[in-house]
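One structure below.
There are 2 protein chains.
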Amino acid sequence: MRVETFDIRFPTSRELDGSDAMNPDPDYSAAYVVLRTEDGAEGHGFTFTIGRGNEVVRAALDALAPFVVNGPVDDLGEFARRLTHDSQIRWLGPEKGVMHLAAAALINAAWDLRARKAGKPLWELMSEMSSEEIVDLVDWRYLSDALTADEAVDLLAAALPGRTSRTEALKQHGYPAYTTSAGWLGYDDAKIDRLARQAVADGFRLIKLKVGADRADDVRRFALARAAVGPDVRIAVDANQRWDVPEAIEWMSALSAYDPWWIEEPTSPDDILGHAAIRRALTGKGIRVATGEHVANRVVFKQLLQAGAIDIVQLDACRVAGVNENVAILLLAAKFGKPVCPHAGGVGLCEAVQHLSYFDYVAVSGRLDDRVIEYVDHLHEHFTDPVVVERGAYRPPSAPGFSTRIKPESLIRYSYPEGAAWN
Amino acid sequence: MRVETFDIRFPTSRELDGSDAMNPDPDYSAAYVVLRTEDGAEGHGFTFTIGRGNEVVRAALDALAPFVVNGPVDDLGEFARRLTHDSQIRWLGPEKGVMHLAAAALINAAWDLRARKAGKPLWELMSEMSSEEIVDLVDWRYLSDALTADEAVDLLAAALPGRTSRTEALKQHGYPAYTTSAGWLGYDDAKIDRLARQAVADGFRLIKLKVGADRADDVRRFALARAAVGPDVRIAVDANQRWDVPEAIEWMSALSAYDPWWIEEPTSPDDILGHAAIRRALTGKGIRVATGEHVANRVVFKQLLQAGAIDIVQLDACRVAGVNENVAILLLAAKFGKPVCPHAGGVGLCEAVQHLSYFDYVAVSGRLDDRVIEYVDHLHEHFTDPVVVERGAYRPPSAPGFSTRIKPESLIRYSYPEGAAWN
Numbered sequence: 001m002r003v004e005t006f007d008i009r010f011p012t013s014r015e016l017d018g019s020d021a022m023n024p025d026p027d028y029s030a031a032y033v034v035l036r037t038e039d040g041a042e043g044h045g046f047t048f049t050i051g052r053g054n055e056v057v058r059a060a061l062d063a064l065a066p067f068v069v070n071g072p073v074d075d076l077g078e079f080a081r082r083l084t085h086d087s088q089i090r091w092l093g094p095e096k097g098v099m100h101l102a103a104a105a106l107i108n109a110a111w112d113l114r115a116r117k118a119g120k121p122l123w124e125l126m127s128e129m130s131s132e133e134i135v136d137l138v139d140w141r142y143l144s145d146a147l148t149a150d151e152a153v154d155l156l157a158a159a160l161p162g163r164t165s166r167t168e169a170l171k172q173h174g175y176p177a178y179t180t181s182a183g184w185l186g187y188d189d190a191k192i193d194r195l196a197r198q199a200v201a202d203g204f205r206l207i208k209l210k211v212g213a214d215r216a217d218d219v220r221r222f223a224l225a226r227a228a229v230g231p232d233v234r235i236a237v238d239a240n241q242r243w244d245v246p247e248a249i250e251w252m253s254a255l256s257a258y259d260p261w262w263i264e265e266p267t268s269p270d271d272i273l274g275h276a277a278i279r280r281a282l283t284g285k286g287i288r289v290a291t292g293e294h295v296a297n298r299v300v301f302k303q304l305l306q307a308g309a310i311d312i313v314q315l316d317a318c319r320v321a322g323v324n325e326n327v328a329i330l331l332l333a334a335k336f337g338k339p340v341c342p343h344a345g346g347v348g349l350c351e352a353v354q355h356l357s358y359f360d361y362v363a364v365s366g367r368l369d370d371r372v373i374e375y376v377d378h379l380h381e382h383f384t385d386p387v388v389v390e391r392g393a394y395r396p397p398s399a400p401g402f403s404t405r406i407k408p409e410s411l412i413r414y415s416y417p418e419g420a421a422w423n
Numbered sequence: 424m425r426v427e428t429f430d431i432r433f434p435t436s437r438e439l440d441g442s443d444a445m446n447p448d449p450d451y452s453a454a455y456v457v458l459r460t461e462d463g464a465e466g467h468g469f470t471f472t473i474g475r476g477n478e479v480v481r482a483a484l485d486a487l488a489p490f491v492v493n494g495p496v497d498d499l500g501e502f503a504r505r506l507t508h509d510s511q512i513r514w515l516g517p518e519k520g521v522m523h524l525a526a527a528a529l530i531n532a533a534w535d536l537r538a539r540k541a542g543k544p545l546w547e548l549m550s551e552m553s554s555e556e557i558v559d560l561v562d563w564r565y566l567s568d569a570l571t572a573d574e575a576v577d578l579l580a581a582a583l584p585g586r587t588s589r590t591e592a593l594k595q596h597g598y599p600a601y602t603t604s605a606g607w608l609g610y611d612d613a614k615i616d617r618l619a620r621q622a623v624a625d626g627f628r629l630i631k632l633k634v635g636a637d638r639a640d641d642v643r644r645f646a647l648a649r650a651a652v653g654p655d656v657r658i659a660v661d662a663n664q665r666w667d668v669p670e671a672i673e674w675m676s677a678l679s680a681y682d683p684w685w686i687e688e689p690t691s692p693d694d695i696l697g698h699a700a701i702r703r704a705l706t707g708k709g710i711r712v713a714t715g716e717h718v719a720n721r722v723v724f725k726q727l728l729q730a731g732a733i734d735i736v737q738l739d740a741c742r743v744a745g746v747n748e749n750v751a752i753l754l755l756a757a758k759f760g761k762p763v764c765p766h767a768g769g770v771g772l773c774e775a776v777q778h779l780s781y782f783d784y785v786a787v788s789g790r791l792d793d794r795v796i797e798y799v800d801h802l803h804e805h806f807t808d809p810v811v812v813e814r815g816a817y818r819p820p821s822a823p824g825f826s827t828r829i830k831p832e833s834l835i836r837y838s839y840p841e842g843a844a845w846n
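Put into structure tokens, the structure is as follows:
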């Protein structure tokens, strides 16, 4: 096995796409890795960043590479634990930040390799695994006060009977999507109005607006979006961690007249008790609390669920330790009966995370109600197997792999700093 | 300003010094930085790691260096916020993991520079700041549901009257230390017995044992240590995150007959609710719960205090964003009335963290009861201003700076991988 790493950056800050209250000028980026086997097979994976520091994640990929090169990849549960539990490297987290982002990229690349060798899309490969095989993927350390491996086997067994029919339903009808493309903070009122109406015409039943920079602006933009989409389309708002706890409660109370479906990232992603306090204050106003794209690992998700701090679990394909840790998070969400609505957008996050939602529907929760995958219309053209979203629904891919492969010409053009896009 | 970075590693794994249930073979290391001003002044800082991955932290130092080079260092509150809140780099945490370790090293180096220019040891410089100056050092985001800046000013004002007399008391009597040197997991029974007796003879009133690998071994080693030190010397135990919540409660119940003073890191440092559950179960047995060396930031400390999850706050000089974030943690601990007993050992952690405890005693909590700084007898010979521990007490340094400077010859010899120590 060989490991090749890349620092890929797209100059998105030039257009203010992706602008929000905490991230005014992101350059959407990927710390990207290719695993090459002796027999010529490849697995591609990445983690998503927003520019500066992407080279540090690449250095982390290089630091973890020996654990890939010097060991087998046949048991992906063992593989993931090997990458997250080296006793010396663990000190740098544990299980959070740069090293965990790098572990995500490598673990996801190993899954791409596995699915390609099997000739199946990842979601279908995973949906055909036995309950015991699925449970063995998880690092169970620190979870037993909320969920044990035995309970998880029972939970998966309960969903077994419907797997085939749900797989068929998924292929036929797709999976609900929502769009964030209408509501970036850098957009003016006319653009929001136009894009919100377009989103409804395109079949979306939920749109999302960025909030948190200026309260009066937020009220005006929300009123405008509500008028554009009407009363029956859901509007979620996203503060990107901008507020303290009391401020989150006040600000959302001011927006409650326009019927927000959820408030996403109202405060620090580390603040479990803070999210719980916000949820207690807002539940009576019909506002749900959502978070997850910056939640460091399964231990924090466990507590958000134990504390009744969130209504919606927004896992991310590349923030935690890849497919394996996300299986733990899906199982926890199912145990606590909360819907998973993944974070996506960025570079390739839509491509990757769709597989996890399909697997959740077919083999874990078995449910679609209030489930929806984020969709952002950015940068898909750089992927060999880009997502297909039609009439407000993701269409599951049939091509083998994890849909995480960037085209060779894009890898060259957007390599930082030497690629043509940066000259 | 110029920034120079180093990857320094000591081959400590050859002796099993520092071995515990999660870290069997650490090579104590420092990602080290020197700030050089135009006028020839220097500030030295570092963060501590245990070997592999230290090069990734050095890459993070290099990624943050432009924020040091391109801005002023006169307002250290602004300086610290600049290093932790770049909108693109923040995505890699936020405020945790590799990037936060690097921020710690740079912020601590800026404080070393400041104290040297003032011709004072850091603890004394800080102890002479006004309440408002101290409060301005803190990043108050995410704290207002537990502590506001105004409350902090009041809290500091209440401690003002005794500052002079406590400074004198500190210079005369020192600050209580405890030792971990007797209880590394790799040591055999005879060595533990000998070192425990030696610790008492040396004046220590608290010693610490590593636990968590094998329960029967732990009971035997604890019984042996208790017999060696007698009933009046406190024995703390440290599981280094080895257990799940139910396991922590069972294991500590088995050790409770030997009167452990605290259980340190019983489970994941991210598990606030887990620590709270463990504390509820163990308080009745007279066992305190301690954690902090791996707690990612002030938001997690805030919750550990809000949830009543810990009895003892074990801040670390280099895990959170240096002096500034530790001021926030000292203020939170004072608000909640919990003693701070810093994590030390490693490389230079004793040298650095002593300043924070002295500052806490003189200007924040104003208290010494149940306060104690960890002491480990490793690697002090590499520092230009090594700690002095006599009769179980730290003696405050009078030399200017933060005591964070490694000797030039050690920087050369232990540079990794090119230094002579690694050939």
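So the protein lines, in turn, are chains A and B. Positions 1 to 423 (my numbering) are the ones given, in order, by the first sequence. Positions 424 to 846 (my numbering) are the ones given, in order, by the second sequence. We treat Cβ as the ideally placed atom computed from N, Cα and C, and that holds for glycine.
CA-to-CA distance, residue j to residue i, given in whole angstroms
{"i": "Val-153 (chain A)", "j": "Pro-161 (chain A)", "result": "14 Å"}
{"i": "Tyr-761 (chain B)", "j": "Val-353 (chain A)", "result": "The sequence shown places Lys at residue 761 (chain B), rather than the Tyr named in the question. Using only the alpha carbons, I get a separation of about 43 Å."}
{"i": "Val-609 (chain B)", "j": "Val-623 (chain B)", "result": "The sequence given here places Gly at residue 609 (chain B); Val does not occur at that position. So the alpha carbons of these two residues sit roughly 21 Å apart."}
{"i": "Val-69 (chain A)", "j": "Pro-408 (chain A)", "result": "23 Å"}
{"i": "Leu-705 (chain B)", "j": "Met-675 (chain B)", "result": "8 Å"}
{"i": "Ala-648 (chain B)", "j": "Thr-435 (chain B)", "result": "24 Å"}
{"i": "Glu-556 (chain B)", "j": "Val-811 (chain B)", "result": "30 Å"}
{"i": "Ala-700 (chain B)", "j": "Asp-694 (chain B)", "result": "10 Å"}
{"i": "Leu-147 (chain A)", "j": "Val-668 (chain B)", "result": "12 Å"}
{"i": "Phe-336 (chain A)", "j": "Thr-267 (chain A)", "result": "22 Å"}
{"i": "Glu-418 (chain A)", "j": "Asp-7 (chain A)", "result": "10 Å"}
{"i": "Asp-311 (chain A)", "j": "Leu-273 (chain A)", "result": "14 Å"}
{"i": "Val-746 (chain B)", "j": "Arg-721 (chain B)", "result": "12 Å"}
{"i": "Ala-420 (chain A)", "j": "Thr-49 (chain A)", "result": "20 Å"}
For residue i, three-class secondary structure by DSSP
{"i": "Ala-321 (chain A)", "result": "coil"}
{"i": "Leu-209 (chain A)", "result": "strand"}
{"i": "Asp-655 (chain B)", "result": "coil"}
{"i": "His-508 (chain B)", "result": "coil"}
{"i": "Asp-27 (chain A)", "result": "coil"}
{"i": "Arg-818 (chain B)", "result": "strand"}
{"i": "Asp-485 (chain B)", "result": "helix"}
{"i": "Val-457 (chain B)", "result": "strand"}
{"i": "Trp-563 (chain B)", "result": "coil"}
{"i": "Glu-151 (chain A)", "result": "helix"}
From the options, residue whose alpha carbon lies closest to that of residue i
{"i": "Leu-484 (chain B)", "options": "B:Lys-519, B:Leu-524, B:Asp-509, B:Pro-449", "result": "B:Leu-524"}
{"i": "Gly-292 (chain A)", "options": "A:Ile-263, A:Ala-277, A:Gly-286", "result": "A:Ile-263"}
{"i": "Phe-46 (chain A)", "options": "A:Arg-163, A:Thr-180, A:Ser-403, A:Ile-249", "result": "A:Ser-403"}
{"i": "Phe-222 (chain A)", "options": "A:Ser-365, A:Trp-184, A:Gly-93, A:Gln-241", "result": "A:Trp-184"}
{"i": "Thr-807 (chain B)", "options": "B:Val-456, B:Gly-771, B:Gly-842", "result": "B:Gly-771"}
{"i": "Arg-197 (chain A)", "options": "A:His-173, A:Arg-234, A:Asp-214, A:Val-219", "result": "A:Arg-234"}
{"i": "Leu-487 (chain B)", "options": "B:Asp-448, B:Ala-527, B:Tyr-451", "result": "B:Ala-527"}
{"i": "Pro-823 (chain B)", "options": "B:Ser-838, B:Trp-514, B:Gly-542, B:Ser-780", "result": "B:Gly-542"}
{"i": "Val-743 (chain B)", "options": "B:Val-521, B:Glu-461, B:Pro-449", "result": "B:Val-521"}
Extent of the continuous beta strand (DSSP E) to which residue i belongs
{"i": "Ile-431 (chain B)", "result": "425 to 432"}
{"i": "Pro-176 (chain A)", "result": "175 to 183"}
{"i": "Gly-466 (chain B)", "result": "465 to 472"}
{"i": "Pro-669 (chain B)", "result": "Element bounds for Pro-669 (chain B): not the beta strand (DSSP E) but the alpha helix (DSSP H), 668 to 678."}
{"i": "Val-712 (chain B)", "result": "711 to 714"}
{"i": "Ile-796 (chain B)", "result": "796 to 798"}
{"i": "Glu-813 (chain B)", "result": "811 to 813"}
8 Å contact criterion, which residue i and residue j should meet: CB distance rounded
{"i": "Leu-106 (chain A)", "j": "Leu-83 (chain A)", "result": "6 Å"}
{"i": "Ser-19 (chain A)", "j": "Gly-51 (chain A)", "result": "Going by Cβ atoms, the distance from Ser-19 (chain A) to Gly-51 (chain A) rounds to 13 Å, so no, they are not a contact pair."}
Where the alpha helix (DSSP H) through residue i begins and ends
{"i": "Ile-697 (chain B)", "result": "At residue 697 (chain B) the sequence reads Gly, which differs from the Ile that was named. Segment 695 to 705, the alpha helix (DSSP H) holding Gly-697 (chain B)."}
{"i": "Glu-687 (chain B)", "result": "From DSSP, Glu-687 (chain B) is part of no alpha helix (DSSP H) but of the beta strand (DSSP E) over 683 to 687."}
Contact test: residue i Cβ vs the ligand GDP heavy atom, cutoff 7 Å
{"i": "Arg-116 (chain A)", "result": "Although the ligand GDP was asked about, the structure shown includes no ligands whatsoever."}
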